[in-house]
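Each remark here refers to the structure printed beneath this line.
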Amino acid sequence: MLADLFDPAFADSVARIAVPILLASLGGAICHRAGVFNIALEGFILMGAFAAVLGTFMLGHVFWGVLSAILAGIFMGLLFAEFHLRRPGDAIVVSIALNLIGLGLTTYLLRSVLGVSGVFQDEALGKITEINLPVIESLPVFGSFLSGQSILFYVSIFLVILLHYIYSRHKLGFWMRAAGENPLALKTVGIKPTPVKLLALVLCGVCCGLAGAQLSISNVSLFVENMSAGRGWIAVVIVLVTNGRPIPILGLVLLFGFVDSLSLRLQGFGFPQQFTEMMPYIASLVALIFVSIRRMKNLVGMRGYDNG
Amino acid sequence: MTALSLFFILLLLLNLADASFFEASQAFLKSAFGGRRYAYLYVTISRCALITGMAIAALIAFRAGLINIGGEGQLVIGGFAAAFVSIYSGVTGVPGIILAILSAMIGGGLWAVLAGLMKLKLGVPILVGTLLLNYPARYITSYFVSHPFRDVASGMPQTLLLDKSLWLPFIEGTRLDTGFIFILIVYGFVLIYSHRSVPGYHAKMTGLSIEFAATSGINIFSTTLKTLAFSGAIAGLVGAIAVLGIHHRFTDGMLVQPLYAWTGIVAALLINLVPWAILPAGFFFASLTSGASGMERTADVPKEIAIIIQGIIILFVASRATGIASDTKNKEEGN
Amino acid sequence: MFAQLHDISVNFGEVRALDSVSLDISPNQIHAVVGENGAGKSTLMSVLFGLNVNYGGQIFINDTRKTWATPSDAIKAGIGMVHQHFMLIESMTVLENIILGSEPNKYLGFLDFQLAEKKISNLLETYNFSINLHQTVDKLSVGQRQMVEILKTLYRSAELIILDEPTAVLTPAERLDLFNSLQDFKNAGKSIILITHKIDEVIANADHVSVMRAGQLISSLPIDGTSQTQISEEIVGVSKTKSISRKKIKAGSVKLNLSNLDILGMPQIGNAFNLEVKASEIVGIAGVAGNGQSELIEAIIGLRSSKSGFIEICSRDVTGADISTRRDVGLCYIPEDRQKRGLALGAQLSENASISSLVSKAFSKGPFLRKTKIRNFTEGLIKKFDVKASSPSALASSLSGGNKQKLIIARELSLESDVIIAENPTWGVDLGAINQIHHELLSMRENGHAILLVSSDLDEILTLSDRVLVMFESELSQSFCTEKVTREELGKLMLMKASDKKEKKKINTA
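Given below as structure tokens:
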């Protein structure tokens, strides 16, 4: 029975589920570590997903779709920057606004520009190319996990490694960490924190845009209203739990992909659909609780604020 | 400057939908405030009740520094509780209505308190805790009305229809349900709470400066839980009103789809948590939504334009949002 | 480098922080800039360093006029600054912090750590420093952090190094090391600017001293041309202080009693606390900030828990009791951090004023507020303490620092609590208000209250207290009668442990 549960298709689905969340979490992490409290990932992803479909449909190839998704993400990032960096807007309020705008605008454009309600599907839409790795694909478990995935899967793994090294060995990584931990200190060595945060927002836009593209023109080939379906919030929680560190994010995302795939499988065994849909959120909550308990222990001795 | 940009964006959007500005605005006004024998106006006021209620719920929590964005979950739990108790408790008539409302308020309140306990005892931030609890609330109630408590005959994921004696009556001579009266009462209550009551004062001080409140002897633990309970209870009440007064049953998604909770949050943020302005803000957003529906029916402009407008308004308003999440502001100094 | 500040003026709103100040800095020299809090020393340096670009006047480096847009420009010109509050990234290593902002490139922005390490190692050798470059800053001692700040300036080839109150938080050994290093820098041709308010250090180490007061330059002389007395007088100016006299009163019963209190989370490891404060007496705790005073106060108030031992207020055990209980029994608190703990800046004055009393139900009728009573009470406080405010409904944020403090003190003292905890009550307050506050505390003492005064201002302690203890490395010394102890004895205790420990404690983990 166990073998039935964890067959190659399972490994494949873990990878597929993981990619958009991984990309969005990396984007969120970049903002988090640079000191920008961006919880508008839902809106960012949605815009990316819609732009990917729109671009592919109107310009004829998934390449344009991916490019549009990136541009849409950058657009959201710049919007966030305008109202949070240039104007003194609270990051949480700006995030709520952008989430709403993402939802409203994508649904609105779905109807007004693409002319449909609910779902947009078309033969003309393609899928992002999948890559088959010759030797790896015959590996027992990891074969279907590592091979045959969309380009973005490999891009996201690469991003994890890249980010890791950027934070530990690159000028920009240092500046972003400093902007997040102690912006005043960064200022005194002559670097202005605001442009650094702007960069973080743009990079976040790129990542979340790609996450959206993976959702709409990779695993499937369509756009559904509210396609991000809470994944942006999962990414927010993952960023908080890992404190924005790339490698723990990868680990947590894979764990999440595992749990999600498992619950989908369990549907086949009779578990009601709603319970499997709830699983990701319960899992995130549990992870968050674990980490929060540990962090609370570090506040040695203080009382009066929380414990009655 | 703001108004100008908003106007431009509106024009652009209407253009994309191939609608004329004149046609669209006519449809908007008629659908928000007109209709045969003011039918549409009643719908607007009805919506206003729900949105204002959710805005009040958000305001209560935000004012105390608690970023409760779990209004949706508390609303859904409350609505379901009201439907469930109404159908299966056997109590009818006015006592039944009261029982349903109380169950809804207790349900919503407890759901919010759950997030509060997670914060106080486990350290889970309120923002994330309340948000994450939205989803179990949504899915658990969805399961209930799709399987065990489903009205099989209707073929939809919803409960049975409520007994007529449990329906909130209309106000004399109108087609407006009395749910609106409840919200007016809550509105008045919250005004007194905010300006003249001791718990409201404690909550406000805690929201302005938690260190100051704690040092001065305010019990942060109980203030947090009491405020969240109050906030969640109001959300639950709104759910009860929707079930008892408008839909007369609980249908999967009926409280989530219209984005009542998020609109309420947006309304509370727009007025910068000033209590008296909640009612006008609720009415404003209700009109916005009703008008947008009309635009869709008549001028073929997708009703989501209302959501876009809400988002844009809040973006511009964000620059002066004070007192909310002052933590995040402090962390980002040095710019 | 020769640096000249010429006619520098800075305004913060209506306040004239600097008034046409001119200063000459020469190489091979340690130039001390002294003055009280608020004299303008830090403001002047922020102009020189490029942190403040809104000023009148000119800056000349080696006779060339310079303007800075950001600190980057000043750094490039050879000016380095070691700030009073360290500007370090805790999660980064020493090396990473040193190179931040001036990173050596290998390719495409990836850093050349080897080059950096070589360059820094050379510096360590030249100036005889010893530190682990790969240790993260969060594990460093205060003295080591300062060393990192100094290395930052040396790494960028600073020829003029500004140090802002560098010895405030150093141990005696660290202080010695610092001044030795400064001598090395001076001999290497650099100019050193030392901002401090410690005159004895100036006399011992500086070559030139400039005195500032209330935004103006009072004098600028070589060290041989002045004296400690002259400097002190110039710093304080014409004495405006009314002499405070403390009446001789017999202390009453014990109102605050700490017995073997082992507090959680003290900055250093020390013995448990034993302390008694009686009615009609002021007990002062002197000491350099950072030695556990804040934590001790928090434990007494109820903001911090303890492992063992007990606290009694008015003979009632309040160990483990919450803050409102302690206040009810007879405790009030004048906090050092008035912006965060003493007031809610976004609230009205009346809302701020009534908070403590609300706990004891004076301003409420059931669940309702008695608004008129609150308003009258607030007006009374404003009048009695001469708080400059437009009305009770004005926001607390509209008050000046001194007036904020006065309001807090007015509110707390109005509670007539048996025990008053005062934590640096006159920090950052203007002279006239300081006097008023001191008088109030003394009159509370005469009325039978027990007052615990914690202050880093030794003069304040000695003026007000009947008995004084010293806090050093999270331990309290024995109690001294103010009349019977000298400043020197207390000063010594502020720099070494009262309990006789033969081993030298190592605070760092390099």
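Those protein sequence lines, which keep their order, are chains A, B and C.
Under the working numbering, the very last position in the first sequence is 392; numbers go up by exactly one each time.
Under the working numbering, the very last position in the second sequence is 1347; numbers go up by exactly one each time.
Under the working numbering, the very last position in the third sequence is 1167; numbers go up by exactly one each time.
We put the beta carbon where it would ideally sit given N, CA and C, even for glycine.
N- and C-terminal bounds of the alpha helix (DSSP H) containing residue i
{"i": "E1080 of chain C", "result": "First-last for E1080 of chain C: 1076-1080, but that is the beta strand (DSSP E), not the alpha helix (DSSP H)."}
{"i": "F706 of chain C", "result": "698-706"}
{"i": "C288 of chain A", "result": "277-298"}
{"i": "T1014 of chain B", "result": "1014-1028"}
{"i": "K733 of chain C", "result": "728-733"}
{"i": "A362 of chain A", "result": "Looking at the sequence provided, one finds Met at residue 362 of chain A rather than Ala. Taken as a continuous stretch (DSSP letters only), the alpha helix (DSSP H) holding M362 of chain A covers 357-381."}
{"i": "R832 of chain C", "result": "829-844"}
{"i": "L960 of chain C", "result": "That residue, L960 of chain C, is in no alpha helix (DSSP H); it is neither H nor E in DSSP."}
Option in the options with minimal Cα separation from residue i
{"i": "V794 of chain C", "options": "C:L781, C:A1046, C:M749", "result": "C:M749"}
{"i": "D1175 of chain B", "options": "B:Y1100, B:G1119, B:I1118", "result": "B:Y1100"}
{"i": "V244 of chain A", "options": "A:I333, A:V290, A:R253", "result": "A:I333"}
{"i": "V678 of chain C", "options": "C:F706, C:I716, C:I687", "result": "C:I716"}
{"i": "G1294 of chain B", "options": "B:A1070, B:G1212, B:H1259", "result": "B:A1070"}
{"i": "L194 of chain A", "options": "A:F141, A:F242, A:G161", "result": "A:F141"}
{"i": "I901 of chain C", "options": "C:L797, C:I1094, C:L827", "result": "C:I1094"}
{"i": "R832 of chain C", "options": "C:G1037, C:Q803, C:L808", "result": "C:Q803"}
{"i": "L808 of chain C", "options": "C:S759, C:T853, C:S1071", "result": "C:S759"}
{"i": "A1003 of chain B", "options": "B:L1024, B:F1019, B:F1033", "result": "As shown, chain B starts at 1013 and ends at 1347. That puts residue 1003 of chain B outside it, with no answer to give."}
{"i": "L701 of chain C", "options": "C:A726, C:N711, C:H688, C:L675", "result": "C:L675"}
{"i": "A936 of chain C", "options": "C:P924, C:L921, C:V911", "result": "C:V911"}
{"i": "V826 of chain C", "options": "C:N1009, C:F1129, C:L1147", "result": "C:F1129"}
{"i": "G713 of chain C", "options": "C:A689, C:D664, C:P924", "result": "C:D664"}
{"i": "L184 of chain A", "options": "A:F128, A:G112, A:F229, A:E361", "result": "A:F128"}
Inter-residue Cα distance where the pair is residue i and residue j
{"i": "G316 of chain A", "j": "K1045 of chain C", "result": "51 Å"}
{"i": "L757 of chain C", "j": "F669 of chain C", "result": "30 Å"}
{"i": "T898 of chain C", "j": "E1117 of chain C", "result": "With a pLDDT of 49 at T898 of chain C, under the threshold of 50, the modelled position of that residue is not reliable, and the figure given next carries that caveat. For T898 of chain C and E1117 of chain C, the distance between alpha carbons rounds to 12 Å."}
{"i": "L817 of chain C", "j": "K763 of chain C", "result": "29 Å"}
{"i": "S1228 of chain B", "j": "K997 of chain C", "result": "11 Å"}
{"i": "G1082 of chain B", "j": "L1145 of chain B", "result": "7 Å"}
{"i": "K905 of chain C", "j": "R1124 of chain C", "result": "12 Å"}
{"i": "S234 of chain A", "j": "S1017 of chain B", "result": "40 Å"}
{"i": "V370 of chain A", "j": "L236 of chain A", "result": "29 Å"}
{"i": "L1150 of chain C", "j": "H742 of chain C", "result": "25 Å"}
{"i": "L383 of chain A", "j": "E969 of chain C", "result": "25 Å"}
{"i": "S889 of chain C", "j": "S867 of chain C", "result": "12 Å"}
{"i": "V308 of chain A", "j": "V200 of chain A", "result": "10 Å"}
Bounding residues of the beta strand (DSSP E) (the contiguous stretch that carries residue i)
{"i": "P879 of chain C", "result": "873-879"}
{"i": "V337 of chain A", "result": "Counting along the chain, V337 of chain A falls outside any beta strand (DSSP E), though it belongs to the alpha helix (DSSP H) covering 330-352."}
Closer than 7 Å at the beta carbon, the chain E residues around residue i
{"i": "V239 of chain A", "result": "The question asks about chain E, but that chain is absent: this structure's protein chains are A, B and C."}
Sufficient close CB pairs (3 or more, under 8 Å) joining the region 1093-1109 of chain B to the region 282-294 of chain A: Touching, no, given that fewer than three Cβ pairs across the two stretches are closer than 8 Å.
Stretch-stretch touch, CB-based, cutoff 8 Å, three pairs: the region 867-874 of chain C with the region 693-713 of chain C: yes
Where the region 1306-1329 of chain B meets chain A: residues whose CB sits under 9 Å from a CB there: E1308, D1312, V1313, P1314, K1315, E1316, I1317, A1318, I1319, I1320, I1321, Q1322, G1323, I1324, I1325, I1326, L1327, F1328, V1329
Inter-stretch contact at 8 Å, needing at least 3 Cβ pairs: the region 1209-1219 of chain B / the region 1079-1086 of chain B: no
Stretch pair the region 1130-1139 of chain C + the region 969-978 of chain C: three plus CB contacts closer than 8 Å: no
Positions along the region 1221-1244 of chain B whose CB lies within less than 8 Å of some CB in chain C: Against chain C - using a Cβ distance shorter than 8 Å - the residues of the region 1221-1244 of chain B are S1221, E1223, F1224, A1225, A1226, T1227, S1228, G1229, I1230, N1231.
Inter-stretch contact at 8 Å, needing at least 3 Cβ pairs: the region 703-722 of chain C / the region 786-801 of chain C: no
The region 708-740 of chain C: positions lying closer than 9 Å to chain A by Cβ: L708, T727, P728, S729, D730, A731, I732, K733, M738, H740
The region 106-126 of chain A in contact with the region 173-183 of chain A per 3-pair CB rule at 8 Å: yes
Where the region 313-341 of chain A meets chain B: residues whose CB sits under 8 Å from a CB there: Taking 8 Å as the upper bound on Cβ-Cβ separation, chain B lies near residues G314, W317, V320, V321, L324 of the region 313-341 of chain A.
Interfacial residues, the region 1129-1144 of chain B to chain A, with Cβ spacing under 9 Å: M1130, K1131, L1132, K1133, L1134, G1135, V1136, P1137, L1139, V1140, G1141, L1143, L1144
At least 3 beta-carbon pairs within less than 8 Å: the region 1031-1038 of chain C vs the region 1062-1072 of chain C: yes
Cβ pair count under 8 Å reaching 3, the region 1109-1116 of chain B against the region 1125-1135 of chain B: no
Contacting positions in the region 232-261 of chain A - beta carbon closer than 7 Å to chain C: Hits within the stretch, in order: R253, H254, K255, L256, F258, R261.
Three or more C-beta pairs below 8 Å linking the region 722-732 of chain C and the region 679-690 of chain C: no
Touch test, the region 989-1003 of chain C against the region 1261-1272 of chain B, Cβ-Cβ under 8 Å, three pairs minimum: no
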